[in-house]
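Asks:
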Amino acid sequence: MAPPRTVICVGDVHGYISKLESLWANLQSALPADAFAAALVIFLGDYNDRGPHTRRVLDFLLALPARHPAQRHVFLCGNHDLAFAAFVGALPPPPDGSPFAATWAQYIDNEAHEGWFRGPGHEDMHVQGRRWGGVIKERWNPKKGLPYKGSIYDAQPTFESYGVAHGSPDLMKAVPEEHKKFLHDLVWVHEEEDVRIDTDGGQILCKLIAVHAGLEKSLDLNEQLRVLRTRDTRVPKVQMLSGRQDVWSIPQMQTR
4 MAPPRTVICV
14 GDVHGYISKL
24 ESLWANLQSA
34 LPADAFAAAL
44 VIFLGDYNDR
54 GPHTRRVLDF
64 LLALPARHPA
74 QRHVFLCGNH
84 DLAFAAFVGA
94 LPPPPDGSPF
104 AATWAQYIDN
114 EAHEGWFRGP
124 GHEDMHVQGR
134 RWGGVIKERW
144 NPKKGLPYKG
154 SIYDAQPTFE
164 SYGVAHGSPD
174 LMKAVPEEHK
184 KFLHDLVWVH
194 EEEDVRIDTD
204 GGQILCKLIA
214 VHAGLEKSLD
224 LNEQLRVLRT
234 RDTRVPKVQM
244 LSGRQDVWSI
254 PQMQTR
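Using our numbering, the first residue of the sequence shown is number 4, and each one after it goes up by one.
Now the structure itself:
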């Protein structure tokens, strides 16, 4: 039997390159050299916003396959990445050919309050891209006890990391093509068979399902996985990619 492969899951980076570099160095020093060299590394999404160095974070991630060719790297999409991709035109099109503007209706009452982007290109932009690139009227985020950074997504530092002002359509040209391709190619779910987990009762084999914000136990598992596997961008807000409080318990079908 082949030795178990080390699986590393990395949570939200949010533009903090120094923290990412420190984490990577710590992983490399803490793990056996052969285990680190051949690890499966799953990044769980949210690479941009909040922190000041989104551009450098994406450069770091794009360089990993060349730096560690024996590793396997999986890059998942988070809600911040989806919104960034939508703004710069890197979001996969809806599978049925419908326009992105069809995603606006469910949240249209929030347009003025959230200050949705209305500049060039907004006419057929996914609702999350418009929210991401807009300017929110309220300056204080009561949930976090911090001021908003530009938009409801705190996207201002991402704009600035590419050398443009928050909300400027110039970002669409400033983001390199390799970064747009990275955003376009992000997967919404990763499923890995035969992952070995140490438990109090011994080592077990399980199927790992990695999703940015988790699966909701009250909804049909197969339908959630369909949306994720197909990257269904008709959905205005993909709950499985958005932070929320209803994912702590494993859906029943996953425990069978």
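Think of the CB as a built atom: it goes at the ideal place given N, C-alpha and C, for glycine as much as any other residue.
Based on DSSP bridge pairs, tell me the residues matched to residue 201.
Replies: 206.
Asks: In terms of alpha-carbon separation, which member of 85, 7, 55 lies closest to residue 237?
Replies: 85
Asks: For the alpha helix (DSSP H) that contains residue 182, what are its first and last residues?
Replies: 180-188
Asks: Checking 9 Å against the spacing of the C-beta atoms, do residue 135 and residue 151 come in under that value?
Replies: no
Asks: How many Å lie between residue 59 and residue 219 at the Cα?
Replies: 33 Å
Asks: Compare the C-alpha of residue 95 against each of 140, 145, 185, 243 and name the closest.
Replies: Distance check between residue 95 and each of 140, 145, 185, 243 places 185 closest, using alpha-carbon atoms only.
Asks: Are the CB atoms of residue 213 and residue 130 within a distance shorter than 9 Å?
Replies: no
Asks: Is the segment 95-108 in contact with the segment 198-209, if contact means three or more CB pairs nearer than 8 Å?
Replies: no
Asks: Residue 118 and residue 140 look like a contact to me (Cβ under 8 Å); what is the Cβ gap, rounded to whole Å?
Replies: 6 Å
Asks: Going by beta-carbon coordinates alone, are residue 52 and residue 161 separated by less than 9 Å?
Replies: yes
Asks: Can you list, in chain order, the residues of its chain with a C-beta nearer than 7 Å to that of residue 228? Leave out the 5 residues immediately preceding and following it.
Replies: 192
Asks: Could you tell me which whole alpha helix (DSSP H) segments of length 4 or greater appear in the segment 17-44?
Replies: For the segment 17-44, whole alpha helix (DSSP H) runs of length 4 or above, ordered along the chain, are 20-33, 36-40.
Asks: What residue range is occupied by the uninterrupted beta strand (DSSP E) comprising residue 78?
Replies: 75-78
Asks: Is the segment 42-52 in contact with the segment 167-181, if contact means three or more CB pairs nearer than 8 Å?
Replies: no
Asks: Can you give me the Cβ contacts of residue 19 inside the same chain, cut-off strictly under 6 Å, excluding the 5 residues immediately before and after it?
Replies: 54
Asks: DSSP three-state call for residue 337: helix, strand or coil?
Replies: Nothing can be reported for residue 337: it is not among the residues displayed for the chain, which extend from 4 to 259.
Asks: State the Cα-Cα distance for the pair residue 83 and residue 190, rounded to the nearest angstrom.
Replies: 14 Å
Asks: Starting from residue 60 and walking both ways along the alpha helix (DSSP H), at which residues does that stretch end?
Replies: 57-70
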